[in-house]
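When we follow the working numbering, the leftmost residue of the sequence shown carries the number 3, and every step to the right adds one. Reviewing the structure listed below.
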Amino acid sequence: MRPPGSPEELERRRRRAVALLAAGHRPVEVARMIGVDRRSVRRWKAVHQHQGTEALRARRASGRPPKLVPRQLQQIERVLLKGARAAGFATDLWTCPRVARVIARRFGVQYHVDHLSRLLRALGWRPQKPQRQAVERDEQAIRGWIKDTWPRVKKKRRG
Numbered sequence: 003m004r005p006p007g008s009p010e011e012l013e014r015r016r017r018r019a020v021a022l023l024a025a026g027h028r029p030v031e032v033a034r035m036i037g038v039d040r041r042s043v044r045r046w047k048a049v050h051q052h053q054g055t056e057a058l059r060a061r062r063a064s065g066r067p068p069k070l071v072p073r074q075l076q077q078i079e080r081v082l083l084k085g086a087r088a089a090g091f092a093t094d095l096w097t098c099p100r101v102a103r104v105i106a107r108r109f110g111v112q113y114h115v116d117h118l119s120r121l122l123r124a125l126g127w128r129p130q131k132p133q134r135q136a137v138e139r140d141e142q143a144i145r146g147w148i149k150d151t152w153p154r155v156k157k158k159r160r161g
């Protein structure tokens, strides 16, 4: 588990431990003075002896490497832009399970659907609810009604 403190504070603590060791203190004493385990002090001492002061510097935690490289993410984005029908689905609605299937088919990589929403957000995609419309909806009839009937039935302004 990572100890509390910013990376810079942890680096200062490692440098202080090495300085105390150089001043003649034993690892057990140094550990007690700065509040760490003696094994940490011994590890810092060994790293400092073999790799120098630079090895004590704070580094960014690397974390788990991504499952898809940037080039693959660009390919996924191109597939998304073409639409779900072009990818072989019955409707043009993208869902996380559908995106997961496309990624698994193309790259052999499994993603949990909950994580895919984070991945899609990182790519600039946002969840949207599809607009519901009746199957029987007739756009031409609606335009005609708005043009012809609506002006006759709407109330006239008094004044």
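Even glycine gets a Cβ: it sits at the ideal position worked out from N, Cα and C. Since this is a predicted model, take the numbers as computed values, not measurements.
C-alpha gap between residue i and residue j, whole angstroms
i, j, result
"residue 71", "residue 78", "11 angstroms"
"residue 83", "residue 17", "52 angstroms"
"residue 127", "residue 59", "37 angstroms"
"residue 54", "residue 117", "40 angstroms"
"residue 8", "residue 24", "25 angstroms"
"residue 124", "residue 75", "10 angstroms"
"residue 141", "residue 130", "23 angstroms"
"residue 64", "residue 86", "34 angstroms"
"residue 106", "residue 138", "37 angstroms"
Sequence-distant residues of its chain with Cβ nearer than 8 angstroms to residue i (five each side left out)
i, result
"residue 38", "5, 15 and 19"
"residue 27", "35"
Which of helix, strand or coil DSSP assigns to residue i
i, result
"residue 46", "helix"
"residue 59", "coil"
"residue 135", "coil"
"residue 7", "coil"
"residue 100", "helix"
"residue 109", "helix"
Neighbour flag for residue i against chain C, beta carbons, 7 angstroms
i, result
"residue 91", "In the displayed structure, chain C is absent; only one protein chain is listed."
Check: residue i C-beta below 6 angstroms from any heavy atom of the ligand GTP
i, result
"residue 149", "Although the ligand GTP was asked about, the structure shown includes no ligands whatsoever."
Between the stretch 88-101 and the stretch 49-67, do three or more beta carbon pairs fall short of 8 angstroms?
no
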